[in-house]
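**Q** If you scroll down you'll find the structure; I have some questions about it.
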Amino acid sequence: MPFIPTTEENRRQMLKTIGVTDFDQLLQSIPEQIRFKDDYNLPDPLSEYEVTKLLKSIAEKNKHTSNSVCFLGGGAYDHFIPAAVVHIVSRPEFYTAYTPYQAEVSQGTLQAIYEYQSMICDLTGMDVANASMYDGASALAESALLSSNHKRRQEILISKSVHPYHRQVVKTYCHRSGIVLKEIDIKNGVTDLEKLEQSITDNCAGVLVQHPNFFGSLEPVDEISEIVHKEGAIFTVSVDPISLGVLAPPSEYGADIVTGEAQVLGNALGFGGPYVGIFAATKELIRKIPGRIAGITQDSQGRRGFVLTLQTREQHIRREKATSNICSNEQLCALAATVYMALMGKKGIPAVANLCVQKSHYLAEKLTGISGVEPLFEAPFFKEFAVKLPVPAKEIIDKMKEKDIFAGIDLSRFDYNVDNALLIAVTEKRTKEEMDQFAEILSEIV
Numbered sequence: 017m018p019f020i021p022t023t024e025e026n027r028r029q030m031l032k033t034i035g036v037t038d039f040d041q042l043l044q045s046i047p048e049q050i051r052f053k054d055d056y057n058l059p060d061p062l063s064e065y066e067v068t069k070l071l072k073s074i075a076e077k078n079k080h081t082s083n084s085v086c087f088l089g090g091g092a093y094d095h096f097i098p099a100a101v102v103h104i105v106s107r108p109e110f111y112t113a114y115t116p117y118q119a120e121v122s123q124g125t126l127q128a129i130y131e132y133q134s135m136i137c138d139l140t141g142m143d144v145a146n147a148s149m150y151d152g153a154s155a156l157a158e159s160a161l162l163s164s165n166h167k168r169r170q171e172i173l174i175s176k177s178v179h180p181y182h183r184q185v186v187k188t189y190c191h192r193s194g195i196v197l198k199e200i201d202i203k204n205g206v207t208d209l210e211k212l213e214q215s216i217t218d219n220c221a222g223v224l225v226q227h228p229n230f231f232g233s234l235e236p237v238d239e240i241s242e243i244v245h246k247e248g249a250i251f252t253v254s255v256d257p258i259s260l261g262v263l264a265p266p267s268e269y270g271a272d273i274v275t276g277e278a279q280v281l282g283n284a285l286g287f288g289g290p291y292v293g294i295f296a297a298t299k300e301l302i303r304k305i306p307g308r309i310a311g312i313t314q315d316s317q318g319r320r321g322f323v324l325t326l327q328t329r330e331q332h333i334r335r336e337k338a339t340s341n342i343c344s345n346e347q348l349c350a351l352a353a354t355v356y357m358a359l360m361g362k363k364g365i366p367a368v369a370n371l372c373v374q375k376s377h378y379l380a381e382k383l384t385g386i387s388g389v390e391p392l393f394e395a396p397f398f399k400e401f402a403v404k405l406p407v408p409a410k411e412i413i414d415k416m417k418e419k420d421i422f423a424g425i426d427l428s429r430f431d432y433n434v435d436n437a438l439l440i441a442v443t444e445k446r447t448k449e450e451m452d453q454f455a456e457i458l459s460e461i462v
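This note's numbering puts the first residue of the sequence shown at 17, with every later residue one more than the last.
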């Protein structure tokens, strides 16, 4: 339907109401010499059909996962999203719902939050999870603040194997909080245990690692947990929730806080998001957890009800007493994650994880069989791995793009002092034909 904001009569009435006779009178305060007097040179108007056709032709110039094969990772992954996920989150009861401050009229939203929290606890093995965070990076940063607040210590250690962008966010959060952030070097693609032991002191509030880490490598989490707890610090691990289909839940190796990016759970790839952060912890830390928590209770008539509880946000209590200044969450994205987990179930998520493991190892074996291509690290990996190339990674990426393949991430962009290295992610969506084509093109280039 065409939309014409004002008619001549509308404009005449508005001008009359404010006491001017024409539009030029409104511009009297603008000096004549700087007013625009040229012709606007606008094209002729288009019909709705013509506008739609034009915008589609512009959009078709984009390369995306519907018309290209995606081996990109580094925190955002091309997993399959069941149609039911999109259908359910698009229902107006969820899609346009406001913050459930009034529990009596928000039971559906609150129950969805409660189900999300319960599923995250099942997946991670932790005691409690919140309603969600902005993304995986902010969730990890909040864990640093919680650790310092709970332990009354001013030092946080973070492994350099954590995603570089996530480390930047943690650094930003710590900067104005009086927290000293120190980075731990890596060795063979994982946290250097010797450096960790040398760096941790009784002033350390917490240690932050990612497992699988930025390179896709599996961290020695049992050993890290032992080192961290020996000094009485809090152990935070940032996880890929899909990996928990095959890896031990963080509760089994003593994690105190679990964070992560839940984009992989039914949320589409998007430049700038929105994504959704996971935050789960042990019962000991329940009153320090940032953001919202939905709880289950009974009303005065004994009926089951869902409510927001333990609200230690700055919107609800004195700012200086608040555990965090997060003022919202990503409930719609968390709902997508909830629907995805419910649809996949206890068999589906391990099946997806197993496919990721098998396919990524198949491609890694194919690529490292090419002369001049070798693994950057020898550490075990989940669905993502890095290879060292005889040519710059950017050259590979550019040539693959011409074949409608997103080849991966050039690691020279980051602070690892590695050249000619490519980070490649393989999800359950990748086929043998696509992986063989990747290897064939790479072989031709190098």
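Glycine included, each C-beta is placed from N, C-alpha and C at the ideal position.
1. What number of angstroms, rounded off, separates the C-alpha of VAL262 from the C-alpha of LYS69?
2. Excluding sequence positions up to five away, which residues of its chain have a Cβ less than 8 angstroms from the Cβ of ASP452?
3. Give the secondary structure of MET360 by DSSP, where H, G and I count as helix, E and B as strand, and everything else as coil.
4. Look at the alpha carbon of ALA352 and the alpha carbon of SER259, and state the distance between them as a whole number of angstroms.
5. Where GLY388 and ALA437 are concerned, what is the direct C-alpha to C-alpha distance, given to the nearest angstrom?
6. Can you list, in chain order, the residues of its chain with a C-beta nearer than 8 angstroms to that of GLU213? Leave out the 5 residues immediately preceding and following it.
7. Suppose you measure from the CA of ILE294 to the CA of HIS377; what does that come to, to the nearest Å?
8. Where does the unbroken alpha helix (DSSP H) through GLN29 begin, and where does it stop?
9. Please give me, in chain order, every unbroken run of the beta strand (DSSP E) with length at least 3 that falls completely inside the segment 369 to 452.
10. So, ALA350 versus ALA147, is the Cβ gap smaller than 9 angstroms?
11. Taking only runs of the alpha helix (DSSP H) that begin and end inside the segment 136 to 191, which ones reach a length of at least 4 residues, in chain order?
12. I'd like the ranges of any beta strand (DSSP E) spanning at least 3 consecutive residues and lying wholly in the segment 224 to 257.
13. To which residues of the same chain is LYS410 closer than 6 angstroms at the C-beta, ignoring the five residues directly before and after it?
14. Just curious, the beta strand (DSSP E) that VAL323 is in, first and last residue?
15. In whole angstroms, give me the CA-to-CA distance for SER344 and ILE457.
16. Excluding sequence positions up to five away, which residues of its chain have a Cβ less than 8 angstroms from the Cβ of PHE110?
17. Going by the DSSP bridge assignment, what does GLY293 pair with across the sheet?
18. Considering only the beta carbon of each residue, do SER163 and ALA249 sit closer than 9 angstroms?
19. Can you name, in chain order, every residue of its own chain whose Cβ lies under 6 angstroms from the Cβ of MET17, other than the five neighbours on each side?
20. DSSP state of SER215, grouped into three classes?
21. Between which two residues does the beta strand (DSSP E) holding LYS198 run?
22. Since ALA160 and LEU224 are thought to touch, with beta carbons under 8 angstroms apart, how far apart are those beta carbons, to the nearest angstrom?
23. Does DSSP classify CYS349 as helix, strand or coil?
24. Helix or strand or just coil, what does DSSP make of SER340?
25. Measuring only the C-alpha atoms, how far is PRO366 from GLU66?
26. Using the three-state DSSP reduction, which class does THR313 fall into: helix, strand or coil?
27. Cutting at 7 angstroms between CB atoms, please list the residues of its own chain near ARG28, excluding the five before and the five after it.
28. Relative to the alpha-carbon of VAL85, which residue among ILE413, THR252, GLU120 and ASP208 has its alpha-carbon at the smallest distance?
29. Taking only three categories from DSSP, how would you classify THR207?
30. Cβ of VAL442 within 9 angstroms of Cβ of GLU400?
31. Could you give the DSSP three-state label for MET17: helix, strand or coil?
32. Between MET357, ALA278, THR217 and LYS445, which lies nearest to ALA92 when the distance is taken from Cα to Cα?
33. Taking the alpha helix (DSSP H) that ALA271 belongs to, which residues open and close that run?
34. Candidates GLU25, PHE231, THR33 and LYS198: which alpha carbon is nearest ALA402's?
35. Give me the Cβ distance between LEU156 and VAL186, rounded to the nearest whole Å; I'm assuming they're in contact under 8 angstroms.
36. Measure from the alpha carbon of LEU197 to the alpha carbon of each residue in LYS362, ARG183, LEU301 and ASN204, then state which is nearest.
**A** According to the structure shown:
1. For the purposes of this step, residue 262 is identified with residue 246 of the sequence shown, where counting begins at 1. For the purposes of this step, residue 69 is identified with residue 53 of the sequence shown, where counting begins at 1. Those two C-alpha atoms are separated by around 46 angstroms.
2. On the sequence shown, residue 452 is found 436 positions in, with the first residue counted as 1. Excluding positions up to five away in sequence, the list reads LYS382.
3. Taking the first residue of the sequence shown as position 1, residue 360 is located at position 344. Note: MET360 maps to helix in three-state DSSP.
4. For this step, residue 352 is matched to residue 336 along the sequence shown. For this step, residue 259 is matched to residue 243 along the sequence shown. Going by the C-alpha atoms only, they are around 18 angstroms apart.
5. If you number the sequence shown from 1, residue 388 lands on position 372. If you number the sequence shown from 1, residue 437 lands on position 421. Each residue's Cα considered, the two are about 12 angstroms apart.
6. Along the sequence shown, one-based indexing puts residue 213 at 197. Counting only Cβ-Cβ distances below 8 angstroms, and skipping sequence neighbours, we find ILE243.
7. Against the sequence shown, residue 294 aligns to sequence position 278. Against the sequence shown, residue 377 aligns to sequence position 361. Cα to Cα, ILE294 sits roughly 27 angstroms from HIS377.
8. Position 13 of the sequence shown, counting from 1, holds the residue named residue 29. Residues 24 to 33.
9. 400 to 404 and 437 to 441
10. Numbered from its first residue, the sequence shown carries residue 350 at position 334. Numbered from its first residue, the sequence shown carries residue 147 at position 131. Result yes, Cβ atoms of ALA350 and ALA147 sit closer than 9 angstroms.
11. 152 to 167 and 180 to 191
12. 250 to 255
13. Taking the first residue of the sequence shown as position 1, residue 410 is located at position 394. Taken in chain order, the residues that qualify are ASP426.
14. Residue 323 sits at position 307 when you count from the first residue of the sequence shown. VAL323 -> beta strand (DSSP E) spans 320 to 325.
15. Here the question's residue 344 lines up with position 328 in the sequence shown. Here the question's residue 457 lines up with position 441 in the sequence shown. Spanning the two alpha carbons is a distance of roughly 46 angstroms.
16. For this step, residue 110 is matched to residue 94 along the sequence shown. These residues qualify, in order along the chain: ILE104, GLY124, THR125, ALA128, LEU348 and LEU351.
17. Mapped onto the sequence shown, residue 293 falls at position 277. Its beta-bridge partners are MET149 and GLU277.
18. Reading the sequence shown from its first residue, position 147 is the one you call residue 163. Reading the sequence shown from its first residue, position 233 is the one you call residue 249. Cβ atoms of SER163 and ALA249: closer than 9 angstroms.
19. Stepping through the sequence shown from its first residue, residue 17 is reached at position 1. Residue placement at MET17 cannot be trusted, given a pLDDT of 45 that sits under 50; what the coordinates show is reported in the next sentence. No residues qualify anywhere along the chain.
20. Taking the first residue of the sequence shown as position 1, residue 215 is located at position 199. Looking at SER215 - three-state DSSP - the assignment turns out to be helix.
21. In the sequence shown, the residue the question calls residue 198 occupies position 182. 196 to 200 is the span of the beta strand (DSSP E), which, as asked, contains LYS198.
22. Your numbering for residue 160 matches position 144 in the sequence shown. Your numbering for residue 224 matches position 208 in the sequence shown. About 6 angstroms; that satisfies the 8 angstroms criterion.
23. Working through the sequence shown from its first residue, we reach residue 349 at position 333. Three-state result, CYS349: helix.
24. By 1-based counting over the sequence shown, the position of residue 340 is 324. The answer is strand: DSSP assigns SER340 an E or B state.
25. Taking the first residue of the sequence shown as 1, we reach residue 366 at position 350. Taking the first residue of the sequence shown as 1, we reach residue 66 at position 50. Answer to the nearest angstrom: the Cα atoms are 47 angstroms apart.
26. Here the question's residue 313 lines up with position 297 in the sequence shown. Reduced to three states, the DSSP call for THR313 is strand.
27. One-based indexing of the sequence shown puts residue 28 at position 12. Answer for ARG28: no residue qualifies.
28. As a first step, residue 85 must be located in the sequence shown, where it is residue number 69. It is ILE413.
29. As a first step, residue 207 must be located in the sequence shown, where it is residue number 191. Of the three classes helix, strand and coil, the one that applies to THR207 here is strand, per DSSP.
30. Your numbering for residue 442 matches position 426 in the sequence shown. Your numbering for residue 400 matches position 384 in the sequence shown. Contact flag set, yes.
31. Taking the first residue of the sequence shown as position 1, residue 17 is located at position 1. Because MET17 carries a pLDDT of 45, less than 50, the predicted location of this residue cannot be relied on, and the following value inherits that uncertainty. Residue state, collapsed to three classes: coil.
32. Here the question's residue 92 lines up with position 76 in the sequence shown. The shortest C-alpha separation from ALA92 is found at ALA278.
33. Position 255 of the sequence shown, counted from the start, is the residue given in the question as residue 271. Here ALA271 belongs to no alpha helix (DSSP H), and DSSP marks it neither H nor E.
34. Translated into positions along the sequence shown, residue 402 becomes position 386. The option with the nearest alpha carbon to ALA402 is PHE231.
35. Reading the sequence shown from its first residue, position 140 is the one you call residue 156. Reading the sequence shown from its first residue, position 170 is the one you call residue 186. That pair is a contact at about 6 angstroms.
36. Counting from 1 along the sequence shown, the entry for residue 197 is found at position 181. Of the candidates LYS362, ARG183, LEU301 and ASN204, the one whose C-alpha sits nearest the C-alpha of LEU197 is ARG183.
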